[in-house]
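J.:
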Ligand SMILES: Cc1cc2nc3c(=O)[nH]c(=O)nc-3n(C[C@H](O)[C@H](O)[C@H](O)COP(=O)(O)OP(=O)(O)OC[C@H]3O[C@@H](n4cnc5c(N)ncnc54)[C@H](O)[C@@H]3O)c2cc1C
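Numbering (the UniProt record's numbering), first residue to last: 1 to 388.
1. Quick one: Cα of residue 368 to Cα of residue 273, how far?
2. For a test of the three-state rule: what should DSSP assign to residue 307, helix, strand or coil?
3. If you measure between the beta carbons of residue 125 and residue 169, is that distance less than 9 Å?
4. How is the alpha helix (DSSP H) around residue 13 delimited, first residue to last?
5. For ligand 1, is there any heavy atom lying closer than 8 Å to the beta carbon of residue 190?
6. As a quick exercise: from 17, 57, 84, 4, pick the residue whose alpha carbon is nearest that of residue 27.
7. Short of 8 Å in beta carbon distance, which residues of its chain neighbour residue 248, apart from the five on each side in sequence? Order them along the chain.
8. Closer than 8 Å is the cut-off here; do at least three beta carbon pairs connect the stretch 345 to 361 with the stretch 76 to 83?
9. Looking at residue 329 and ligand 1, is the gap between the Cβ and the nearest heavy atom below 8 Å?
10. According to DSSP, what are the bridge partners of residue 167?
11. Given a cut-off of 9 Å on the beta-carbon distance, is the pair residue 54 and residue 251 in contact?
12. Measure the CB-CB distance between residue 237 and residue 119 and report whether it falls below 9 Å.
13. Is residue 262 near residue 336, with beta carbons less than 9 Å apart?
14. Given this structure, state the Cα-to-Cα distance separating residue 181 from residue 175, to the nearest angstrom.
15. Quick check on residue 150: does DSSP put it in helix, strand or coil?
16. Mind checking residue 276: buried by the 16 CB within 10 Å criterion, or exposed?
17. Does the beta-carbon of residue 156 have 16 or more other beta-carbons within 10 angstroms, so that it is buried, or is it exposed?
18. Exposed or buried, which one is residue 346 when buried takes at least 16 other CB atoms within 10 Å?
19. Would you kindly work out how many angstroms separate the C-alpha atoms of residue 69 and residue 89, rounded to a whole number?
20. Alpha carbon to alpha carbon, how far is residue 286 from residue 51?
21. So what's residue 155 in DSSP terms, helix, strand or just coil?
22. Indicate, with yes or no, if ligand 2 has a heavy atom lying under 8 Å from the CB of residue 136.
23. Mind checking whether residue 10 and residue 105 have CB atoms under 9 Å apart?
24. I'd like to know whether the C-beta atoms of residue 218 and residue 305 end up nearer to each other than 9 Å.
25. Please determine, among 376, 78, 259, 264, the residue with the shortest C-alpha to C-alpha distance to residue 14.
26. Residues in its own chain within less than 8 Å of residue 389 by CB, not counting five upstream and five downstream?
27. Could you tell me the boundaries of the alpha helix (DSSP H) in which residue 247 lies?
28. Using DSSP with H/G/I as helix, E/B as strand and the rest coil, what is residue 284?
29. Which of the three DSSP states is assigned to residue 99 in this structure?
30. Using DSSP with H/G/I as helix, E/B as strand and the rest coil, what is residue 225?
31. Quickly, what does DSSP pair residue 145 with across the bridge? List them, please.
32. May I ask you to list the residues that DSSP assigns as paired with residue 215?
33. Candidates 228, 280, 215, 40: which alpha carbon is nearest residue 394's?
34. Could you check if residue 161 is buried or exposed, using at least 16 other CB atoms within 10 Å of its CB as the buried criterion?
35. Leaving aside the five residues before and after residue 200 along the sequence, list all residues of the same chain whose C-beta is less than 8 Å from its C-beta, in chain order.
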């Protein structure tokens, strides 16, 4: 087992760090205005060569590994302290393009991947519905085959990247088949008649990144946009594990950012005539934060290093690392807030934004109880864990 990065990985890390530092400090304005120059950021990431990291070169990707993805996204998040910087690598490498890579037909890959991977057309994941989030196998959105088209109808909410993105990877029920067996995925393009992209809920965290609702009323979608129909749920989830890895990196990088902010505060704030970092209660808390970050780092890196074909994170490892991050981050940022005293309760220090982002990150991509269910079903495969 080798814990050292190769010279190529070190170069990638340095490149991502430099690309992230350019935007450092901007998150405050993006957070308060709840908008960001997303197209400009995507261009900057493209110029830095940080898009399509794990996608094969034949489709315009970098042909790299899931570990490359971790290295890049961790640096971008940590240096910028902004959820937005990780989004271009996510949209061009994450579950959207990874699912297209697994599409049934080569023409689907040829049609969509080059533009997605180049960051020209963003691909959002449209899974969650107003009445179905965790119970994603109960989806009500339907896709009905009609000649060389599918007719798609349904409503999705909390969709990150909407309305900015051009492509929506819509999870739907095919052929009216109930349960997981009927779930498949089809790409619905912006401009399709019947597709309406509306503003959604206002989140406390991940602000500046667009999130919206996706309404589909009898959208006629060409059959070549089909990723995979009924019976492909397990295959689609293989690509979805990139989402869990992404969330795990998020928790790692934002925990590091919270730690850095807290250390800086404690080194400069005085009480009883000395820097508060010299109180045992303070440095014990900081040490505990450090240990939690290091433990979570190992799980995140393990999920990347053990990925299938170096590219598709395994279900158990990616879910364990996502759960670890979801539980660790909000607790850690709360400790950081407390060490900021009254300043932690103001909007004047970055720690409060990181704490709000931690709350949003806890549920995105699957809530902790649902992750535990998924892990249990793999640890005890002979048992049934029906939630019905
Ligand atoms: C910032 C952010 C970004 C997001 N981006 C996207 C996106 O891009 N695309 C997308 O499709 N979705 C997105 N989501 C939605 C997210 O995936 C869902 O919110 C999440 O899966 C939970 O679904 P829900 O909100 O419907 O909660 P529910 O499923 O209603 O759950 C409510 C509560 O019940 C608990 N619960 C539910 N079922 C069980 C069970 N079987 N056992 C134990 N407890 C259970 C949950 O843990 C939770 O505490 C995003 C969410 C956030 C916050």
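The C-beta atom is built at its ideal place from N, Cα and C for all residues, glycine as well.
T.: With the given structure in hand:
1. 43 Å
2. coil
3. yes
4. 7 to 21
5. no
6. 84
7. 296, 299, 300, 303, 318, 321, 322, 324, 325
8. yes
9. no
10. 123, 189
11. no
12. no
13. yes
14. 10 Å
15. strand
16. buried
17. buried
18. exposed
19. 8 Å
20. 34 Å
21. strand
22. No copy of ligand 2 appears in this structure; the ligands present are ligand 1.
23. no
24. no
25. 78
26. Because residue 389 is not part of the residues shown, which for the chain are 1 to 388, the question remains open.
27. 233 to 268
28. helix
29. helix
30. helix
31. 150
32. 155, 196
33. Outside the displayed range of the chain (1 to 388) lies residue 394, so it cannot be described from this structure.
34. buried
35. 157, 158, 159, 162, 211, 212, 213
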